[in-house]
Amino acid sequence: MGESEFPDVTLTHFFADNAAYQLSCNPGDFDVILADNLFGDILSDQSAAVSGSLGMLPSACLSQLPQSGRSERPAIYEPVHGSAPDIAGAGIANPIGTILSVAMLLEYSAGESAGARKISTAVGTVLQAGFATPDLGGKHTTQQMTDEVIRQVRRI
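In structure tokens:
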């Protein structure tokens, strides 16, 4: 992977400890972080602090980026927060990371960029309208947040 494959991406190498420091001090300097599983997991959790909650972030483990909009290669899409069994069934989990993981699946594995953009736009609209689960200081339930994102996707 390099400049020929991704000419619009500036590649900067960091040791993991310095990457964590730079991510804390200058989060806006990062658009993409490429790391192995161990350090990627740590840095993705740290990135969640910048966004306000672990529940906000999607993640993808890709064997390679698709060359023509759709990948036949295996991939895993999941929210950064994992299964969160301590809040299972309580209706307080933030669904945004899961919803955005679906958008990533549409983008990278299904070749459905338009669908991915609709979901991402809907999430932004819902958040800007003030919908928030308890992890973000709000009072909306998992179901309410999900229903509002779906409503916005249908509207777009």
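Mind the numbering: the sequence shown is residues -19 to 136 in the numbering used here, read in order. The beta carbon of each residue, even a glycine, is placed where N, CA and C say it ideally should be. These numbers were taken from a predicted model, which means no experiment stands behind them.
Item checked: Spatially closest choice to Y57 from L86, A68, L34, D66, by CA coordinates -> Translated into the one-based positions of the sequence shown, residue 57 becomes position 77. Checked all of L86, A68, L34, D66; the closest Cα to Y57 is L86.
Checklist line | Exposure label - I99; buried when at least 16 CB within 10 Å | finding: Translated into the one-based positions of the sequence shown, residue 99 becomes position 119. When all chains shown are included, I99 counts as buried.
Checklist line | As assigned by DSSP and simplified to three states, the class of P7 | finding: Here residue 7 refers to the residue found at position 27 when the sequence shown is read from its first residue. In the structure shown, P7 sits in a helix (DSSP, three-state: H, G or I).
Notebook entry, point to check: What are the boundary residues of the alpha helix (DSSP H) that I79 is part of?
Noted result: As a working mapping, residue 79 is identified with position 99 in the sequence shown. From DSSP, the alpha helix (DSSP H) with I79 extends over 76 to 88.
Check: What are the partner residues of Y57, as DSSP defines its beta bridges?
Finding: As a first step, residue 57 must be located in the sequence shown, where it is residue number 77. Bridge pairing for Y57: A40 [DSSP].
Margin query: I believe G32 touches P59 by the beta-carbon criterion, under 8 Å. Please report the beta-carbon distance rounded to the nearest angstrom.
Written below: Residue numbering aside, residue 32 sits at position 52 when the sequence shown is read from its first letter. Residue numbering aside, residue 59 sits at position 79 when the sequence shown is read from its first letter. Actually they do not touch by this definition, with Cβ atoms about 14 Å apart.
Next item on the list: Note down the Cα distance separating S89 from N6, rounded to an integer number of angstroms.
Entry: Your numbering for residue 89 matches position 109 in the sequence shown. Your numbering for residue 6 matches position 26 in the sequence shown. The alpha-carbon atoms of S89 and N6 are separated by roughly 31 Å.
Check: Residues in its own chain within less than 7 Å of A(-4) by CB, not counting five upstream and five downstream?
Finding: Position 16 of the sequence shown, counted from the start, is the residue given in the question as residue -4. If we look at A(-4) and ignore the five residues flanking it on each side, its Cβ neighbours are F19.
Notebook entry, point to check: Near M125, what residues of its chain come up, given a Cβ to Cβ distance below 6 Å and the 5 sequence neighbours on each side ignored?
Noted result: Counting from 1 along the sequence shown, the entry for residue 125 is found at position 145. Excluding residues within five positions, the ones whose Cβ falls inside 6 Å are P75, F111, T113.
Checklist line | From G71, G95, E52, L23, residue whose alpha carbon lies closest to that of D127 | finding: Translated into positions along the sequence shown, residue 127 becomes position 147. Comparing Cα positions, the closest option is G71.
Checklist line | Per-residue DSSP class, three states only, for T101 | finding: Stepping through the sequence shown from its first residue, residue 101 is reached at position 121. Looking at T101 - three-state DSSP - the assignment turns out to be helix.
Margin query: Comparing C-alpha positions only, which one of A15, E(-17), D11, G91 sits nearest to F(-6)?
Written below: Against the sequence shown, residue -6 aligns to sequence position 14. Here the closest residue by C-alpha is A15.
Notebook entry, point to check: Taking the alpha carbon of D21 as the point to measure from, which residue in L37, D9, D11 has its own alpha carbon closest?
Noted result: On the sequence shown, residue 21 is found 41 positions in, with the first residue counted as 1. Comparing Cα positions, the closest option is L37.
Checklist line | Proximity of A109 and I136 at Cβ, strictly below 8 Å | finding: Your numbering for residue 109 matches position 129 in the sequence shown. Your numbering for residue 136 matches position 156 in the sequence shown. Contact: no.
Margin query: According to DSSP, is F19 part of a helix, a strand, or is it coil?
Written below: Within the sequence shown, numbered from 1, the residue matching residue 19 stands at position 39. The answer is helix: DSSP assigns F19 an H, G or I state.
Next item on the list: Count the other C-beta atoms from every protein chain shown that fall within 10 angstroms of the C-beta of L80, then say buried if there are 16 or more, exposed otherwise.
Entry: On the sequence shown, position 100 is the one that residue 80 refers to. It is buried - the Cβ of L80 has at least 16 other Cβ atoms within 10 Å.
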